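Peer 1:
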Amino acid sequence: MVEYSAEASEQLRNIAGDTKFNESARQRMIQTILDAADDCEEHPYRWPEDVEPGTRRRSIRRTPFIIIYRITPAGIEVANIWHHKEGRGTNR
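Letter by letter, the sequence shown follows residues 227 to 318 of my numbering.
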């Protein structure tokens with residue numbers, strides 16, 4: 227199961243409302259992010275550990291975004307979704 231932290235959920239809403247992209251592009255980008263998170267859940271150890279202990283990082287192809295996630299007993303928790311050019315937020 228893929229769970230999203232409150233911060234990651236807010237970040238998804240912000241991406242969905244980003245007017246730099248047209249509606250079709252935003253929908254494709256959101257679906258690509260959701261699919262990448264599902265893939266992380268299916269193969270949680272495939273991507274490298276991140277700087278914060280207990281987290282892993284996945285760059286998402288065809289998007290400028292990075293998923294930071296934790297492996298949980300039930301699957302994964304997406305902690306953050308960052309634009310690769312923006313500063314890091316908090317993983318908590």
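By construction, the Cβ of each residue, glycine as well, lies at the ideal position given by its N, Cα and C atoms.
All values reported here derive from a predicted model rather than from experimental measurement.
For Arg288, which residues in the same chain have their Cβ closer than 7 Å to its Cβ, ignoring the five residues on either side in sequence?
Peer 2: Working through the sequence shown from its first residue, we reach residue 288 at position 62. Excluding positions up to five away in sequence, the list reads Thr258.
Peer 1: What are the boundary residues of the alpha helix (DSSP H) that includes Glu278?
Peer 2: Here residue 278 is taken as the residue at index 52 of the sequence shown, counted from 1. Unbroken run through Glu278: none, as it is neither H nor E.
Peer 1: In the structure shown, what three-state DSSP assignment does Asn317 receive?
Peer 2: Position 91 of the sequence shown holds residue 317. Low confidence applies to Asn317: its pLDDT is 42, below 50, so where it sits in the model is not reliable enough to give any reading.
Peer 1: Figure out for me which residue from Phe291, Ile297, Asp264 has the closest Cα to the Cα of Glu278.
Peer 2: Taking the first residue of the sequence shown as position 1, residue 278 is located at position 52. Residue Ile297 is the option with its Cα nearest to Glu278.
Peer 1: Would you call the CB atoms of Gln237 and Ile307 closer than 8 Å?
Peer 2: As a first step, residue 237 must be located in the sequence shown, where it is residue number 11. As a first step, residue 307 must be located in the sequence shown, where it is residue number 81. A contact, by the Cβ cut-off of 8 Å.
Peer 1: So, does the CB of His309 fall closer than 8 Å to a CB anywhere in chain B?
Peer 2: Absent here is chain B; the protein component of the structure consists of one chain.
Peer 1: Give every residue of the same chain whose Cβ lies closer than 7 Å to the Cβ of Ala242, excluding the five residues on either side of it in the sequence, and list them in chain order.
Peer 2: Taking the sequence shown and counting its residues from 1, one reaches residue 242 at position 16. The residues are Arg252, Ile256.
Peer 1: Which residue from Gly301, Glu229, Tyr230, Asn248 puts its Cα closest to that of His269?
Peer 2: Position 43 of the sequence shown, counting from 1, holds the residue named residue 269. With distances taken between Cα atoms, His269 lies closest to Gly301.
Peer 1: Please go through the same chain and pick out, in chain order, the residues whose beta-carbon is closer than 7 Å to the beta-carbon of Ser235, but skip the five residues on each side of it.
Peer 2: Within the sequence shown, the letter at position 9 stands for residue 235. There are no such residues.
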